[in-house]
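Just so you know, the protein sequences line up as chains S and Y, in that order.
Counting with UniProt numbering, you get residues 1 to 206 for the letters of the first sequence.
Counting with UniProt numbering, you get residues 1 to 206 for the letters of the second sequence.
Using N, Cα and C, we set each Cβ at its ideal position, and we do this for glycine too.
One structure is given below, encoded as structure tokens.
2 protein chains.
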Amino acid sequence: MKAPSAKQRVFIEAGRREFVRNGYGSSSIRTIAQEAGVSLSALYYHYKNKQELLLATLMDGVDTYDAVCDAELARTGDDPVEQLRAFVRGNVKFRTEFPDQGRMIATEVRNLEPEGARLYEERRRAGRRRIRDVIDEGIERGVFTTDFPDDCRRSILAMTSAIANWYDPTGPDSPDVIAERYAELSLHLLCPGGVPVPATDGRDEP
Amino acid sequence: MKAPSAKQRVFIEAGRREFVRNGYGSSSIRTIAQEAGVSLSALYYHYKNKQELLLATLMDGVDTYDAVCDAELARTGDDPVEQLRAFVRGNVKFRTEFPDQGRMIATEVRNLEPEGARLYEERRRAGRRRIRDVIDEGIERGVFTTDFPDDCRRSILAMTSAIANWYDPTGPDSPDVIAERYAELSLHLLCPGGVPVPATDGRDEP
Numbered sequence: 001m002k003a004p005s006a007k008q009r010v011f012i013e014a015g016r017r018e019f020v021r022n023g024y025g026s027s028s029i030r031t032i033a034q035e036a037g038v039s040l041s042a043l044y045y046h047y048k049n050k051q052e053l054l055l056a057t058l059m060d061g062v063d064t065y066d067a068v069c070d071a072e073l074a075r076t077g078d079d080p081v082e083q084l085r086a087f088v089r090g091n092v093k094f095r096t097e098f099p100d101q102g103r104m105i106a107t108e109v110r111n112l113e114p115e116g117a118r119l120y121e122e123r124r125r126a127g128r129r130r131i132r133d134v135i136d137e138g139i140e141r142g143v144f145t146t147d148f149p150d151d152c153r154r155s156i157l158a159m160t161s162a163i164a165n166w167y168d169p170t171g172p173d174s175p176d177v178i179a180e181r182y183a184e185l186s187l188h189l190l191c192p193g194g195v196p197v198p199a200t201d202g203r204d205e206p
Numbered sequence: 001m002k003a004p005s006a007k008q009r010v011f012i013e014a015g016r017r018e019f020v021r022n023g024y025g026s027s028s029i030r031t032i033a034q035e036a037g038v039s040l041s042a043l044y045y046h047y048k049n050k051q052e053l054l055l056a057t058l059m060d061g062v063d064t065y066d067a068v069c070d071a072e073l074a075r076t077g078d079d080p081v082e083q084l085r086a087f088v089r090g091n092v093k094f095r096t097e098f099p100d101q102g103r104m105i106a107t108e109v110r111n112l113e114p115e116g117a118r119l120y121e122e123r124r125r126a127g128r129r130r131i132r133d134v135i136d137e138g139i140e141r142g143v144f145t146t147d148f149p150d151d152c153r154r155s156i157l158a159m160t161s162a163i164a165n166w167y168d169p170t171g172p173d174s175p176d177v178i179a180e181r182y183a184e185l186s187l188h189l190l191c192p193g194g195v196p197v198p199a200t201d202g203r204d205e206p
């Protein structure tokens with residue numbers, strides 16, 4: 001699937017608002033067209049039904065997630081501890097800055113029909129490789145000492161996802177502070193004997 | 001809300017199947033009555049609309065969760081490490097033995113109308129005190145050394161909840177094995193300097 005056009009982005013934003021508000025089953029394609037300020041037939045020109053718009057909206061959420069994580073990882077050297085911190089920062093940023101995208105993924109993926117579900121799952125699988133690679137690299141270098149890398153990976157994803165359930169933009173903790181805390185907790189999972197101090201700070205590397 | 005009668009349990013089970021299958025918005029009260037083997041008016045005699053049945057179904061899920069956790073905690077002495085292990089066992093048992101109850105809580109609470117949402121939230125808050133008490137006790141006794149007890153609590157709930165996303169009853173790991181692993185991981189969060197060995201095994205206490 002190619003990236004949505006500027007016009008399609010308007011439909012995706014309106015669709016997301018309606019899906020998050022009412023859930024897919026009770027969402028009205030007519031309301032979505034109204035909110036996007038277009039006629040129903042103009043919307044149908046781009047997305048042939050509510051199902052296609054749901055898929056586009058979910059894919060857009062994954063695109064956002066990938067872009068946020070990749071930006072954090074790209075600014076970091078190759079030390080696995082620093083890479084893990086960057087990955088957690090990306091996850092926290094996604095959950096706090098794009099809560100509706102996260103919520104859609106949590107509640108609406110189940111409403112995809114089989115073909116959409118297949119395309120979506122394929123896309124997600126590619127994204128999940130990111131944290132798997134970071135953890136594998138840390139284990140290979142002897143930095144991450146856990147006996148349960150798969151459960152650590154799943155746990156780190158679950159605990160950072162749950163931040164969206166309580167995060168309050170007007171609350172005392174900024175996303176950066178929260179990200180620091182969850183990076184520590186994630187490292188406690190991966191390095192049960194204690195987190196090693198990296199020889200160089202990865203963020204200073206070219 | 002008092003406990004459902006045997007007849008009401010039949011409606012709750014049928015409701016849960018339909019809500020999990022189609023989501024609340026697309027669920028049909030007519031289908032639920034059919035699956036329960038009663039007329040629509042017989043169902044309406046017990047639950048005045050789909051919304052009331054949704055609330056009863058969610059409350060039943062919380063009742064199940066509480067019963068499973070309390071049974072594990074009751075079999076354990078008062079050592080905080082053993083209490084924590086018992087709590088995690090309860091959570092894993094709930095997610096693996098009652099996956100639909102867990103799924104309902106994850107996806108359908110948002111469909112409660114304000115009054116039901118208030119009742120549900122009140123009920124949940126009482127349940128959340130359980131893990132909070134275990135963690136507070138462990139911190140007071142100096143057994144749990146984390147600086148972030150709230151984030152540990154949220155993380156333990158999130159990571160054990162996520163087990164439902166990948167658990168396979170035909171897979172290699174039994175719920176007991178998974179529970180052991182997640183208890184270890186939870187203790188790595190709570191005791192970042194290393195998990196203390198309890199003086200007595202809490203489970204052997206009267």
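Taking the CB atoms as reference points, tell me whether residue i and residue j lie closer together than 9 Å.
i                 : j                 : result
Tyr47 of chain Y  : Leu40 of chain Y  : no
Arg85 of chain S  : Ala183 of chain S : yes
Gly138 of chain S : Pro175 of chain S : no
Thr107 of chain Y : Arg110 of chain S : yes
Leu112 of chain Y : Cys152 of chain Y : no
Phe98 of chain Y  : Val134 of chain Y : no
Ser186 of chain Y : Val88 of chain Y  : yes
Phe148 of chain Y : Arg181 of chain S : yes
Ile105 of chain S : Leu58 of chain S  : yes
Asp136 of chain S : Val20 of chain S  : no
Asp66 of chain S  : Gly127 of chain S : yes
Ala42 of chain S  : Ile12 of chain S  : no
Gly23 of chain Y  : Gly23 of chain S  : yes
State the DSSP-derived secondary structure class of residue i, mapped to helix, strand or coil.
i                 : result
Trp166 of chain S : helix
Ser41 of chain Y  : helix
Arg129 of chain S : helix
Asn49 of chain Y  : coil
Ser26 of chain Y  : helix
Thr57 of chain S  : helix
Lys93 of chain S  : helix
Lys7 of chain Y   : helix
Thr31 of chain S  : helix
Gly77 of chain S  : coil
Phe68 of chain S  : Before going on, a small fix: residue 68 of chain S reads as Val here, not Phe. Correct three-state label for Val68 of chain S: helix.
Arg154 of chain S : helix
Phe19 of chain S  : helix
Phe87 of chain S  : helix
Glu113 of chain S : coil
Arg118 of chain Y : helix
Arg103 of chain Y : helix
Val134 of chain S : helix
Arg124 of chain S : helix
Val143 of chain S : coil
Rounded C-beta distance between residue i and residue j? I'm assuming under 8 Å.
i                 : j                 : result
Gly102 of chain S : Ser26 of chain Y  : In fact, because the Cβ distance is near 23 Å, the residues do not count as touching under 8 Å.
Ala164 of chain Y : Arg95 of chain Y  : 4 Å
Glu72 of chain Y  : Gly61 of chain Y  : About 17 Å separates the two Cβ atoms, so there is no contact after all.
Val92 of chain S  : Ala179 of chain S : 4 Å
For residue i, is the classification buried or exposed, using 16 other Cβ atoms within 10 angstroms of its Cβ as the cut-off for buried?
i                 : result
Pro192 of chain S : buried
Arg203 of chain Y : Note that Arg203 of chain Y scores a pLDDT of 49, beneath 50, so its modelled location is shaky and nothing firm can be said.
Lys7 of chain S   : exposed
Thr170 of chain S : exposed
Tyr45 of chain S  : exposed
Ala14 of chain S  : buried
Asp201 of chain Y : Interpretation of Asp201 of chain Y is limited by its pLDDT of 49, a score under 50 that renders its predicted location unreliable; the figure taken from the coordinates is listed afterwards. With fewer than 16 Cβ atoms within 10 Å of its Cβ, Asp201 of chain Y is classed as exposed.
Asp150 of chain S : exposed
Ser155 of chain Y : buried
Pro206 of chain S : Summary for Pro206 of chain S: the model assigns pLDDT 45, below 50, so the residue's position carries little reliability; its value from the coordinates is reported in the next sentence. So Pro206 of chain S ends up on the exposed side.
Lys2 of chain Y   : exposed
Val37 of chain S  : A small correction: the amino acid at residue 37 of chain S is Gly; Val does not occupy that position in the sequence shown. So Gly37 of chain S ends up on the exposed side.
Val195 of chain Y : buried
Gly142 of chain Y : exposed
Glu140 of chain Y : exposed
Glu18 of chain Y  : buried
Arg16 of chain S  : buried
Glu121 of chain S : exposed
Under 9 Å between C-beta atoms, does residue i make it to chain B?
i                 : result
Tyr182 of chain S : The structure shown has no chain B; the protein chains it does contain are S and Y.
For the ligand SAH, is there any heavy atom lying closer than 8 Å to the beta carbon of residue i?
i                : result
Lys93 of chain Y : What this structure holds is no ligand at all, so the ligand SAH is not there to describe.
Uninterrupted alpha helix (DSSP H) stretches inside the segment 168 to 196 of chain S (no shorter than 4 residues): Within the segment 168 to 196 of chain S, the complete alpha helix (DSSP H) runs of at least 4 residues are 175 to 190.
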